[in-house]
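Student:
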Amino acid sequence: MSKKIMANPRNAYGETLVKLGEKYPNLVVLDADLSKSTKTIMFAKKYPERFFEMGIAEANMISTAAGLASCGKIPFASTFAVFATGRVYDQIRIDLAYSQANVKIFATHGGISVGKDGASHQMIEDIALMRVLPNMTVLAPSDATQTGKIVELMATNKGPMYARIGRANAPIIYDKDYIESVELGKGMMVEDGSDVTIIACGTMVDPAIDARKTLLKQGINAQLIDMHTIKPLDEKLVIKCAKKTGAIITAEEHSIIGGLGGAIAETLAENSLPVRFRRMGIKDRFCESGEPKDLLEKYGLNEKHIVKNVKDLIDR
Amino acid sequence: MEHYDKKIIERLDLMAVNVRKHVIEMLYRAKSGHPGGSLSAVDMIVALYFAHMNHDSKNPNDPDRDRFILSKGHAVPALYAVLAESGYFSVDELKNLREINCMLQGHPVCSYVPGIEASTGSLGHGLSFANGVALAGKLDENEYNVYVMMGDGETDEGQVWEAAAAASHYKLDNLTAFIDRNFLQIDGNTEEVMRLESARDRWSSFGWHVTEIDGHNMKQILDALNETDNHKRQPSVIILNTVKGKGVSFMENNVDFHGVPPNEMEYNMAMEELDLIQKKLEG
Ligand SMILES: Cc1ncc(C[n+]2csc(CCOP(=O)(O)OP(=O)(O)O)c2C)c(N)n1
Ligand SMILES: [Mg+2]
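Going down the list, the sequences are from chains A and B.
So in the working numbering, spot 29 of the first sequence is number 29, and the numbers just go up one at a time.
One gets the working numbering by counting positions in the second sequence from 1 and adding 1000 to each.
#1: How many angstroms separate the CA atom of residue 246 of chain A from the CA atom of residue 195 of chain A?
#2: Within a Cβ cutoff of 7 Å, which residues of the same chain sit near residue 1044 of chain B, ignoring the five residues on either side of it in sequence?
#3: What are the boundary residues of the beta strand (DSSP E) that includes residue 198 of chain A?
#4: What is the DSSP secondary structure of residue 78 of chain A, reduced to helix, strand or coil?
#5: In angstroms, rounded to a whole number, what distance separates the CA positions of residue 1295 of chain B and residue 1110 of chain B?
#6: Using a Cβ cut-off of 8 Å (strictly closer), state whether residue 224 of chain A contacts chain B.
#7: What do you reckon, is the C-beta of residue 1037 of chain B under 7 Å from a heavy atom of ligand 1?
#8: Compare the C-alpha of residue 1190 of chain B against each of B:1249, B:1254, B:1010, B:1211 and name the closest.
#9: Alpha carbon to alpha carbon, how far is residue 41 of chain A from residue 14 of chain A?
#10: Starting from residue 1193 of chain B, find everything on chain A with Cβ-Cβ shorter than 7 Å and list it in chain order.
#11: Rounded to whole angstroms, how far is the Cβ of residue 182 of chain A from the Cβ of residue 236 of chain A, which I believe are closer than 8 Å?
#12: Would you mind working out which of A:153, A:270, A:262 sits nearest residue 185 of chain A, comparing C-alpha positions?
#13: How is the beta strand (DSSP E) around residue 231 of chain A delimited, first residue to last?
#14: So if DSSP puts residue 297 of chain A in a beta bridge, which residue, or which two residues, is it bridged to?
#15: Quick one: is residue 135 of chain A near chain B, going by C-beta distance under 8 Å?
#16: Give, in chain order, every residue of the region 272-293 of chain A whose Cβ lies closer than 8 Å to some Cβ of chain B.
#17: Apply the 10 Å Cβ neighbour rule to residue 1091 of chain B and answer buried if 16 or more other Cβ atoms are within range, or exposed otherwise.
#18: Against residue 307 of chain A, what residues of chain B qualify as contacts under a CB-to-CB distance less than 8 Å, listed in chain order?
#19: Could you name the residues whose beta carbon sits closer than 7 Å to any heavy atom belonging to ligand 2, keeping them in chain order?
#20: Say yes only if the C-beta of residue 62 of chain A is nearer than 7 Å to one or more non-hydrogen atoms of ligand 1, and no if none qualify.
#21: Using three-state DSSP, classify residue 1235 of chain B as helix, strand or coil.
#22: What residue range is occupied by the uninterrupted alpha helix (DSSP H) comprising residue 203 of chain A?
#23: Do residue 1115 of chain B and residue 1186 of chain B come within 8 Å of each other at the CB atom, strictly closer than that value?
#24: Less than 7 Å separating the Cβ of residue 1040 of chain B from some heavy atom of ligand 1?
So this is what it looks like as C-alpha cells:
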C-alpha cells in the first residue's frame, strides 16, 4: 500500500480563508478565543481589520455574525464544534436559520477523535442539531483538499451553513482537479462497486477507502460515496445506490441518531426501498478520554469495524 | 487579620508544591492537558481542601459538606491531585489521567469521580451551578458554604454575568466565587482578547462584595476566605491575582503553556525547579 500523504484540514480552512479574503473584501472572520486551533489566526494576521476576536463568548459571536451579514458581509464564525452548535443553538436558530442570514459557521474538533479532552469536548450531536434547522446547509468535508473547496463554496453560495471537520491530520484523498467537480448537495462517488454501498462523511471516508480495499480482496465489491453534504441530502444518489446494490451502510464520527445515517434512513424508508441497511456511528452514548485511535477502535469506527459491519450486513 | 500558626502556612505551601509536582507529572504522562491554568489555581484549591472547607473524603456525599466547583474545568489536574492527596481516591490513580477506560477524564465528570461536584469543561456554567447549590442550601436551611473558581477569560461568557446578577439578586451570602486573574487566555492577554478591566468595578456594580488578593499567598488566601464566609447579604468574589504557570519558571506568564504539556526536557527542568522549592520549604 502506498504511503498516505497527510494534511490538516484545519490548515486548509485557514489558508482558504486567506485566499478568499483577497478576492472578497466583504469576507469577515470571527473567533472565540480559539483562533490558534481553528486556524482563523492565518486570516487574522493577514487582514486584522476584518478579523473579530470575540473572546470566550460564543453566543455573542453568532448573533454578531448575523448583524454583519445583514449589512452584506460574509462572516465565517469559528470555534470547536461543541461550542459552535449546542452552546449557541437559539442564536443559530433565530439569527441565522430563521433569518436566512448569510453566516458560515465553520467548526473544528468534531467527533470523538478529539481524544483526551474527553466527552465534554467530543461533539457527536452537531450534525443532528444543525440538520433539523430549516434553511441550514450542513457539511462535513473529508480531507484537506475537499475542505478548501467547500470553504470556497460556502463563501460563494448564499445562506446559513454549518461545516465541521475533525482535529487531526487526515490523509489526502482527492487531487486538485477531481475536487473542482465538488458541488454542494451532491455526493461524490469515490469508488464504484456492485455488492454494497458505503456512504461516509468527514473523517470516516478515509477508513472506508481502506475497508473497501480489504473487502475487495475478500471478494466483496463495495461502492463508496463521500456524502460531504448531509443537508440538503443527495436523495437521488441514495436511491440509486439502494436500487443498484441493495445494501447500504453509513459511517460517520457522530451519533447514530439524527446525522448522516439518520438522514439516509429517512430517505430509504420513505421511498419504500427494500434494502439491507446499517448505521455506523456512536451508539447513543457519551464516550471518554483516550488516544484517538484507541477510542475509534473501542467505539467501532475504523477500517476493521467497517469491514466487519459490511460483511455482517450482506451475509444476513 | 487572623493570626495563623506558622506551621499551617508551611504545611499548605508544601502541599501546594507537592500538588504542582503531581500536575506536571500527570500532564507529562498524559501527553496532553493544560499546565498554565492548573498551576495558577493550585494554591487556592490546596487552601480550601487542607485548611478551610468542611469536607470528608470518606463521606463525599455528606449533605452538610462545603462544596467546591471548578468552573474552569481544564484546570482539573490540580483538583484531581488535591482530591487524591485528601483521600478521595488513590494517589496512584493520578497516573491514569486522560487514559482510555480510566476514571480521570480530561475535564471533570461528577458521575465518575468521588469529590467532583459538577461536570465542567464548557466554560461559563460553573457560577450558575454554584448558585443552584447555594439556593438549595438556603431552602434547606443548611449552613454549608459554596465555592466556585472561574478563569478570568472565562468571564467573557455572558452566562457568567447572568449568574452574577442572580447571585446578588438572591443575596447568596453562602457563595464565594474566585477569579483566577492570570491575565491570559488562549489567544493572548485578556485585555487584548476581550477587555475585562476593571474586573473589580464590574463585580461590585453587579452587587458583589469584592476582595482582591495575591492568589499565591496562603495567609492572604485564608484571611480572605474567613472574611468572605462571614460577609452577609451579598455574594462574595475574591479576585486572585495569579501567575499562569506559577512555580515553573519557563511556564510562568507564557501563553504557549495554556494547553500544551511539557516534553521530556521541560518535564525534567520543571521537576528540578519544584524539587528545589520543596527543599527550601522543608528548610
Ligand atoms: C465555552 C467554551 N469555549 C471555549 C473553550 C476552550 N477553552 C478552554 S480553556 C480556554 C481559555 C480559558 O482562559 P481562562 O478562563 O483565563 O483560564 P486560565 O487562564 O485559568 O487557564 C478556552 C477558550 C471552552 N472550554 N469552553
Ligand atoms: Mg486566564
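Yeah, the Cβ is synthetic: ideal placement off N, Cα and C, and Gly gets one too.
Tutor: On the basis of the coordinates in this document:
#1: 8 Å
#2: 1149, 1178, 1215, 1221, 1240
#3: 196-200
#4: strand
#5: The question about residue 1295 of chain B has no answer here: the residues shown for chain B are numbered 1001 through 1283.
#6: The C-beta of residue 224 of chain A comes no closer than 8 Å to any C-beta of chain B.
#7: yes
#8: Of B:1249, B:1254, B:1010, B:1211, the residue nearest in Cα terms is B:1254.
#9: 7 Å
#10: 33, 53, 55
#11: The pair is not a contact, with the Cβ atoms about 17 Å apart (cut-off 8 Å).
#12: A:153
#13: 229-231
#14: Per DSSP, none; premise fails for residue 297 of chain A.
#15: no
#16: 288, 289, 290, 291
#17: exposed
#18: The premise fails here: residue 307 of chain A is roughly 22 Å from chain B at the closest Cβ pair, so nothing lies under 8 Å.
#19: B:1037, B:1151, B:1152, B:1153, B:1180, B:1182, B:1183, B:1184, B:1185, B:1190, B:1244
#20: no
#21: coil
#22: Residue 203 of chain A -> no alpha helix (DSSP H), and no H or E assigned at all.
#23: no
#24: yes
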